[in-house]
Amino acid sequence: MLFRSSNFAAIRHVYLKSFRFIVPVCLLITILLYAFAPVIALDFFHKPHLAGLLKLNSLLVLPLVILLVNSESIRGLHRIRAYTFLQTSAVSILATAFLLIALIFGNNILIPVYIQFIAIVIAAIMSIVMFVNFSAFHKHASRGMIGSRKLISTSSPMFITTLMQLIMTWGGTLIMASYFKEAEVGVYNAIVRISTFTNISILAINSIASPKIAAAVSSGKMDEVKKLSRE
50 MLFRSSNFAA IRHVYLKSFR FIVPVCLLIT ILLYAFAPVI ALDFFHKPHL
100 AGLLKLNSLL VLPLVILLVN SESIRGLHRI RAYTFLQTSA VSILATAFLL
150 IALIFGNNIL IPVYIQFIAI VIAAIMSIVM FVNFSAFHKH ASRGMIGSRK
200 LISTSSPMFI TTLMQLIMTW GGTLIMASYF KEAEVGVYNA IVRISTFTNI
250 SILAINSIAS PKIAAAVSSG KMDEVKKLSR E
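Here it is as structure tokens:
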């Protein structure tokens with residue numbers, strides 16, 4: 050019963066408990082990345098001038114995580130269109146719009162960085178508003194029985210798979226950044242992004258199937274899991 054998408058009191062309980070872990074960890078990562086930005090820029094990327102940009106990007110950790118967590122929470126509520134928008138399009142659309150406006154008023158080299166920061170923050174705020182709306186957040190009190198250890202053990206497999214996916218996605222870019230100029234890395238990253246269009250059908254299927262499989266597993270309906278996997 051705890052994980053049913055209609056059990057809004059339990060959803061609020063899990064959501065708030067999750068953020069008790071998320072916020073401190075994100076703040077710790079932000080502090081470490083900000084403090085060690087000069088070391089990372091010099092020793093890893095061999096580009097001391099990137100220290101300022103790394104410090105600025107460290108401020109994006111919490112807004113970006115909020116955006117990702119809320120988008121996945123919305124997917125769990127079976128709001129696939131909203132999830133797809135937040136996960137794939139929101140930041141890009143906002144950044145493109147702001148970039149077109151910024152090009153009219155100036156050509157500062159740091160404008161794309163500032164625009165990315167603003168776009169992610171706005172998208173994070175949008176994700177909060179959407180989740181609050183879809184989950185009827187203010188209409189239900191927080192109520193549930195899941196403990197912190199259970200929450201961590203349940204989420205750890207997803208954490209590992211997501212971490213592996215991030216390494217696969219960004220590993221090549223980070224390695225190239227250590228040996229090549231920013232322009233060459235930018236071209237490589239653009240090509241990688243374009244190539245992901247070949248996986249669009251898989252991403253579309255996973256965005257719909259994943260919540261159903263998760264609900265079936267949590268309910269102990271393994272026959273339904275096998276059926277969904279075959280489909």
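Position 35 of the sequence shown, counted from 1, bears residue number 84 in my numbering, the numbering being contiguous throughout. Ideal Cβ placement from N, Cα and C applies to all residues, glycine included.
{"Query": "CA-to-CA distance, M225 to E233, given in whole angstroms", "Result": "9 Å"}
{"Query": "Endpoints, the alpha helix (DSSP H) within which A185 is located", "Result": "Counting along the chain, A185 falls outside any alpha helix (DSSP H), and DSSP gives it neither H nor E."}
{"Query": "4-residue-minimum alpha helix (DSSP H) runs that sit fully inside the stretch 71-135, ordered along the chain", "Result": "100-107, 110-125 and 129-133"}
{"Query": "For F52, the three-state DSSP class (helix, strand or coil)", "Result": "In this prediction, F52 scores a pLDDT of 43, lower than 50, which makes its location untrustworthy; the coordinate-derived value is nonetheless stated afterwards. Coil at F52, not helix or strand."}
{"Query": "Where F229 falls: helix, strand or coil (DSSP)", "Result": "coil"}
{"Query": "Boundaries of the alpha helix (DSSP H) in which L143 is found, first to last residue", "Result": "A139 to F154"}
{"Query": "Buried/exposed call for Y163, threshold 16 Cβ in 10 Å", "Result": "exposed"}
{"Query": "Alpha carbon of A59 to alpha carbon of L99, nearest angstrom", "Result": "44 Å"}
{"Query": "DSSP three-state assignment for G220, whether helix, strand or coil", "Result": "helix"}
{"Query": "DSSP-derived helix/strand/coil call for N238", "Result": "helix"}
{"Query": "Spatial neighbours of K188 in its chain, beta-carbon cut-off 8 Å, leaving aside the 5 residues before and after", "Result": "F57"}
{"Query": "Cβ-based neighbour list, T6, same chain, cut-off 8 Å, excluding 5 preceding and 5 following", "Result": "Nothing in the structure corresponds to residue 6, since the chain is present only between 50 and 280."}
{"Query": "Nearest residue (CA-CA) to T218, options I169, I243, S205 and E231", "Result": "I243"}
{"Query": "I201 in three-state terms, based on DSSP", "Result": "helix"}
{"Query": "Reduced DSSP category for L159 - H, G, I as helix; E, B as strand; rest coil", "Result": "coil"}
{"Query": "Cα-Cα separation between P161 and K270, rounded to whole angstroms", "Result": "48 Å"}
{"Query": "Reduced DSSP category for I270 - H, G, I as helix; E, B as strand; rest coil", "Result": "With the sequence shown as reference, residue 270 is identified as Lys, and Ile is not the correct amino acid for it. Reduced to three states, the DSSP call for K270 is coil."}
{"Query": "Alpha-carbon spacing of M50 relative to S184, whole angstroms", "Result": "Confidence at M50 is low in this model, with a pLDDT of 37, below 50, so the placement of that residue should be treated as unreliable; the coordinate-derived value is given next. Using only the alpha carbons, I get a separation of about 16 Å."}
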